[in-house]
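Asks:
There are 2 protein chains.
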Amino acid sequence: MAYDLWYWPNIPGRGEFVRLALEAADIAYRDRAREEGADALVADLQARRGLRPFAPPYLVDGDFAIAHVAHILAWLADRHGFGAGDLPRDLELITLQLTISDMVAEVHAVHHPIGAGLYYEDQKEAAARAAAQFREERIPKFLHYFEDALAPNGGPFVLGSGWSHVDTSLLQLVEGLRYMFPQRMETLGERYPRLQACCEAVAGLARVAAYRASDRCIAFNEEGIFRHYPELDSR
Amino acid sequence: MAYDLWYWPNIPGRGEFVRLALEAADIAYRDRAREEGADALVADLQARRGLRPFAPPYLVDGDFAIAHVAHILAWLADRHGFGAGDLPRDLELITLQLTISDMVAEVHAVHHPIGAGLYYEDQKEAAARAAAQFREERIPKFLHYFEDALAPNGGPFVLGSGWSHVDTSLLQLVEGLRYMFPQRMETLGERYPRLQACCEAVAGLARVAAYRASDRCIAFNEEGIFRHYPELDSR
Numbered sequence: 001m002a003y004d005l006w007y008w009p010n011i012p013g014r015g016e017f018v019r020l021a022l023e024a025a026d027i028a029y030r031d032r033a034r035e036e037g038a039d040a041l042v043a044d045l046q047a048r049r050g051l052r053p054f055a056p057p058y059l060v061d062g063d064f065a066i067a068h069v070a071h072i073l074a075w076l077a078d079r080h081g082f083g084a085g086d087l088p089r090d091l092e093l094i095t096l097q098l099t100i101s102d103m104v105a106e107v108h109a110v111h112h113p114i115g116a117g118l119y120y121e122d123q124k125e126a127a128a129r130a131a132a133q134f135r136e137e138r139i140p141k142f143l144h145y146f147e148d149a150l151a152p153n154g155g156p157f158v159l160g161s162g163w164s165h166v167d168t169s170l171l172q173l174v175e176g177l178r179y180m181f182p183q184r185m186e187t188l189g190e191r192y193p194r195l196q197a198c199c200e201a202v203a204g205l206a207r208v209a210a211y212r213a214s215d216r217c218i219a220f221n222e223e224g225i226f227r228h229y230p231e232l233d234s235r
Numbered sequence: 001m002a003y004d005l006w007y008w009p010n011i012p013g014r015g016e017f018v019r020l021a022l023e024a025a026d027i028a029y030r031d032r033a034r035e036e037g038a039d040a041l042v043a044d045l046q047a048r049r050g051l052r053p054f055a056p057p058y059l060v061d062g063d064f065a066i067a068h069v070a071h072i073l074a075w076l077a078d079r080h081g082f083g084a085g086d087l088p089r090d091l092e093l094i095t096l097q098l099t100i101s102d103m104v105a106e107v108h109a110v111h112h113p114i115g116a117g118l119y120y121e122d123q124k125e126a127a128a129r130a131a132a133q134f135r136e137e138r139i140p141k142f143l144h145y146f147e148d149a150l151a152p153n154g155g156p157f158v159l160g161s162g163w164s165h166v167d168t169s170l171l172q173l174v175e176g177l178r179y180m181f182p183q184r185m186e187t188l189g190e191r192y193p194r195l196q197a198c199c200e201a202v203a204g205l206a207r208v209a210a211y212r213a214s215d216r217c218i219a220f221n222e223e224g225i226f227r228h229y230p231e232l233d234s235r
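Heads up: the protein sequence lines correspond to chains W and Y, in order.
As numbered in the UniProt record's numbering, residues 1 to 235 make up the first sequence, in order.
As numbered in the UniProt record's numbering, residues 1 to 235 make up the second sequence, in order.
1. Quick check on the DSSP output: the alpha helix (DSSP H) that includes Ile27 (chain W) runs from which residue to which?
2. What residue from W:Gly189, W:Phe181, W:His165 and W:Leu188 has the CA that sits closest to Val208 (chain W)'s CA?
3. DSSP on Tyr58 (chain Y), reduced to helix/strand/coil?
4. Between which residues of its own chain and Thr187 (chain W) is the CB-CB distance below 7 Å, once the five residues before and five after are set aside?
5. Report yes or no: is there a C-beta of chain W within less than 8 Å of the C-beta of Thr95 (chain Y)?
6. Between the alpha carbons of residue 259 (chain Y) and Asp31 (chain Y), how many angstroms are there, rounded?
7. Measuring alpha carbon to alpha carbon, tell me which of Y:Ile72, Y:Ile27, Y:Glu106 and Y:Pro230 ends up nearest Ile139 (chain Y).
8. So, residue 237 (chain W) versus Tyr7 (chain W), is the Cβ gap smaller than 8 Å?
9. Note down, in chain order, each residue of its chain lying with its Cβ closer than 6 Å to the Cβ of Tyr29 (chain W), except the 5 sequence neighbours on either side.
10. May I ask you to report which of helix, strand or coil DSSP gives Leu118 (chain Y)?
11. Could you list the residues in the stretch 50–68 of chain Y with a C-beta less than 7 Å from some C-beta on chain W, going in chain order?
12. Can you list, in chain order, the residues of the stretch 27–45 of chain W whose Cβ is nearer than 8 Å to any Cβ on chain Y?
13. On the CB-based measure, 16 or more other CB atoms within 10 Å of its CB, does Ala116 (chain W) come out buried or exposed?
14. Taking 8 Å as the cut-off, does the stretch 114–134 of chain W touch the stretch 189–204 of chain W (at least 3 CB pairs, one atom from each stretch)?
15. I'd like the ranges of any alpha helix (DSSP H) spanning at least 4 consecutive residues and lying wholly in the stretch 165–222 of chain W.
16. Going by beta carbon distance, what residues of the same chain come within less than 7 Å of Ala131 (chain W), once the five residues before and after it are set aside?
17. On a Cα-Cα basis, can you pick out the residue from Y:Leu98, Y:Leu45 and Y:Val104 that is closest to Gly224 (chain Y)?
18. List the whole-angstrom C-beta distance separating Val174 (chain Y) from Leu195 (chain Y), where the pair is believed to meet the contact cut-off of C-beta under 8 Å.
19. Taking the CB atoms as reference points, tell me whether Val18 (chain W) and Leu98 (chain W) lie closer together than 8 Å.
20. Determine the direct distance from the alpha carbon of Asp63 (chain Y) to that of Cys198 (chain Y), and round the result to whole angstroms.
21. List the residues of chain Y that Gln133 (chain W) touches, going by C-beta distances under 9 Å, in chain order.
22. I'd like to know whether the C-beta atoms of Arg178 (chain Y) and Ile114 (chain W) end up nearer to each other than 8 Å.
23. Along chain Y, which residues have their Cβ under 9 Å away from the Cβ of Ala126 (chain W)?
24. Closer than 7 Å, Cβ to Cβ, to anything on chain C: give me those residues from the stretch 136–152 of chain Y, in chain order.
25. What distance in whole Å lies between the Cβ atoms of Leu51 (chain Y) and Glu147 (chain W), which are believed to be in contact at a cut-off of 8 Å?
26. At what residues does the beta strand (DSSP E) containing Ile66 (chain Y) begin and finish?
27. Please tell me whether Ile218 (chain W) and Ser169 (chain W) are closer than 8 Å, where the distance is taken between their beta carbons.
28. Could you check how far apart the C-beta atoms of Arg48 (chain W) and Ala24 (chain W) are, in whole angstroms? I think they sit under 8 Å.
29. Assuming Asp4 (chain W) is part of the beta strand (DSSP E), what are its boundary residues?
30. I'd like to check one pair, His68 (chain Y) with Thr95 (chain W): are the Cβ atoms closer than 8 Å?
31. Should Thr168 (chain Y) be flagged as near chain W, meaning a C-beta pair shorter than 8 Å?
32. With a threshold of 7 Å on Cβ separation, who are the neighbours of Pro9 (chain Y) within its own chain once the five nearest residues in sequence on each side are excluded?
33. Can you tell me which of the three DSSP states Phe17 (chain W) falls into?
34. Is the beta carbon of Phe226 (chain Y) closer than 8 Å to that of Met180 (chain Y)?
35. I want to verify the contact list: residues of chain Y whose CB lies under 7 Å from the CB of Pro88 (chain W), in sequence order.
36. Can the beta-carbon of Val158 (chain Y) be found closer than 8 Å to that of Leu171 (chain Y)?
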């Protein structure tokens, strides 16, 4: 039976980290809000009670719903065998995945530093200051960390020759940063050869390549997490 | 053998969510940086390589290190039996715990909206705007969500009569919000009776009460996540 994925239908956003792993692992899923619209997502989320997702994305399997990107991916990896298959390594992958989630939250906060409930246009000055901090301090700190995580097993993937959810997520993260900060990422580009090799290896996986060339894959845009506002970028 | 907990020694911060569960479950741990200082924490973190923690808190068991509050707590709950002991329920607890982590990150961003690398004094104007958004929109949205999660099993805890890491974390979260936003939380107080009952039940656990009365427990202060800046509070 196919999983139901619920996420906003017009952006890659956080949902894309889940989609990429589902596609890479050839797992059947229905992208419900892309079939039925954003109103159906809001209705589904509001109809849930008790222990339930706080926000999209969430994945539904029968009566069971699971939310948060890192949590969904760890669960899928365990069920579908694209983790390490060894508890301490799988737990280390989750630590990495949660750090990716933290960086994604910081990326969103760059263009919405005052609050997600306000328009970007109402917080542009604060965003410009936040972007300078993020470009200078945070991007190198996070990318150095991921570069380091790719060293012990020889690459191209974190676990070595087999991909995991961390690798597909690193591709999306780096592509998003390149979309949002093309100048800054060009400056930093050469510093992270293992990360570059990992992204190329993920992009070269047949199922990932087919997915990214399909109309199932939504392009980055200015409604999403990674937004290209030229005024927020700089070398 | 006792675990090593590594976290900043002068604030409750994110470490406190881990400490509370360790104390409630009577698990032996050494709070390393409180014994050896913040420099020892920095040195320990910098000496780690490969798949490693990005930031404190992290918990060390022999050669294995695990980071991120929700991840540490899920792992401890599984090992020491303070989760549900049933996979779907345990996964739902993790969804809740990750939502607590998201709220904690938003709390920090209220007083540091431009960036964690700048002083509060250099971002006070943006912080005042962020605080208004957070008080009005985010606190009620998150607290309503947790109130709802406490309903299905009849309380006082999320699972019913037995505490889990989510309950100890809800106490710390609510206490932190009361410290940071005393006026706002007084206004909202009556709206969440299940959350209030949960907090009282956790605070009434003998080991939690003994810990909070001890000098092992660090008081909230203006170096931490939850900071009382009166200018950020309002009814």
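A virtual CB, placed ideally from N, CA and C, is assigned to each residue, including glycine.
Replies: Reading off the structure:
1. Counted from its first residue, the first sequence places residue 27 (chain W) at position 27. Note, Ile27 (chain W): premise wrong, no alpha helix (DSSP H); not H, not E.
2. Counting from 1 along the first sequence, the entry for residue 208 (chain W) is found at position 208. Considering only alpha carbons, the answer is W:His165.
3. Within the second sequence, residue 58 (chain Y) is the residue found at index 58, counting from 1. In the structure shown, Tyr58 (chain Y) sits in a strand (DSSP, three-state: E or B).
4. In the first sequence, counting from the first residue as 1, residue 187 (chain W) sits at position 187. The answer, listed in chain order, is Arg235.
5. Looking up residue 95 (chain Y) in the second sequence gives position 95. For Thr95 (chain Y), the answer is yes, since a Cβ of chain W falls inside 8 Å of its Cβ.
6. Chain Y is shown from 1 up to 235; residue 259 (chain Y) falls before or after that span and cannot be answered.
7. Position 139 of the second sequence holds residue 139 (chain Y). Considering only alpha carbons, the answer is Y:Glu106.
8. Nothing can be reported for residue 237 (chain W): it is not among the residues displayed for chain W, which extend from 1 to 235.
9. As a position in the first sequence, residue 29 (chain W) is number 29, starting the count at 1. Only Ala2, Tyr3, Leu5 and Leu22 meet the Cβ criterion.
10. Position 118 of the second sequence, counted from the first residue, corresponds to residue 118 (chain Y). If DSSP states are grouped into helix, strand and coil, Leu118 (chain Y) belongs with coil.
11. Gly50, Leu51, Pro53, Phe54, Phe64, Ile66, Ala67 and His68
12. none
13. Here residue 116 (chain W) refers to the residue found at position 116 of the first sequence. Burial call: exposed.
14. no
15. 165–180, 182–188, 193–203 and 206–212
16. To locate residue 131 (chain W), count along the first sequence from 1; it is residue 131. Val110 and Leu232.
17. On the second sequence, position 224 is the one that residue 224 (chain Y) refers to. Comparing Cα positions, the closest option is Y:Val104.
18. For the purposes of this step, residue 174 (chain Y) is identified with residue 174 of the second sequence, where counting begins at 1. For the purposes of this step, residue 195 (chain Y) is identified with residue 195 of the second sequence, where counting begins at 1. With a Cβ gap of about 6 Å, Val174 (chain Y) and Leu195 (chain Y) count as contacting.
19. Numbered from its first residue, the first sequence carries residue 18 (chain W) at position 18. Numbered from its first residue, the first sequence carries residue 98 (chain W) at position 98. The answer is no: Cβ separation not under 8 Å.
20. One-based indexing of the second sequence puts residue 198 (chain Y) at position 198. One-based indexing of the second sequence puts residue 63 (chain Y) at position 63. The straight-line gap from Cα to Cα measures roughly 36 Å.
21. As a first step, residue 133 (chain W) must be located in the first sequence, where it is residue number 133. Those within 9 Å of Gln133 (chain W) in chain Y are Ile114, Gly115, Ala116, Gly117 and Leu118.
22. Translated into positions along the second sequence, residue 178 (chain Y) becomes position 178. Translated into positions along the first sequence, residue 114 (chain W) becomes position 114. Their beta carbons are not under 8 Å apart, which means Arg178 (chain Y) does not touch Ile114 (chain W) by this criterion.
23. For this step, residue 126 (chain W) is matched to residue 126 along the first sequence. In chain order: Pro113, Ile114, Gln123, Glu125, Ala126, Arg129 and Ala130.
24. Chain labels in this structure do not include chain C; the protein chains are W and Y.
25. Along the first sequence, one-based indexing puts residue 147 (chain W) at 147. Along the second sequence, one-based indexing puts residue 51 (chain Y) at 51. That belief does not hold up - the Cβ atoms of Glu147 (chain W) and Leu51 (chain Y) are roughly 12 Å apart, past 8 Å.
26. Taking the first residue of the second sequence as 1, we reach residue 66 (chain Y) at position 66. Looking at the DSSP string, the run of the beta strand (DSSP E) that includes Ile66 (chain Y) is Phe64 to Ala67.
27. Along the first sequence, read from residue 1 onward, the residue named residue 218 (chain W) stands at position 218. Along the first sequence, read from residue 1 onward, the residue named residue 169 (chain W) stands at position 169. Contact: no.
28. Within the first sequence, numbered from 1, the residue matching residue 48 (chain W) stands at position 48. Within the first sequence, numbered from 1, the residue matching residue 24 (chain W) stands at position 24. About 28 Å; that fails the 8 Å criterion.
29. As a first step, residue 4 (chain W) is located in the first sequence; it is residue number 4 there, counting from the start. Its beta strand (DSSP E) spans residues Tyr3 to Trp6.
30. Taking the first residue of the first sequence as position 1, residue 95 (chain W) is located at position 95. Taking the first residue of the second sequence as position 1, residue 68 (chain Y) is located at position 68. A contact, by the Cβ cut-off of 8 Å.
31. Mapped onto the second sequence, residue 168 (chain Y) falls at position 168. Cβ-Cβ to chain W under 8 Å: no for Thr168 (chain Y).
32. The sequence position of residue 9 (chain Y) within the second sequence is 9, counting from 1. Excluding positions up to five away in sequence, the list reads Ala33, Arg34, Gly37 and Ala38.
33. If you number the first sequence from 1, residue 17 (chain W) lands on position 17. Three-state DSSP puts Phe17 (chain W) in a helix.
34. Position 180 of the second sequence, counted from the first residue, corresponds to residue 180 (chain Y). Position 226 of the second sequence, counted from the first residue, corresponds to residue 226 (chain Y). Their beta carbons are under 8 Å apart, which means Met180 (chain Y) touches Phe226 (chain Y) by this criterion.
35. Your numbering for residue 88 (chain W) matches position 88 in the first sequence. In chain order: Phe64.
36. Here residue 158 (chain Y) is taken as the residue at index 158 of the second sequence, counted from 1. Here residue 171 (chain Y) is taken as the residue at index 171 of the second sequence, counted from 1. It is not a contact, given that the beta carbons lie outside the stated cut-off.
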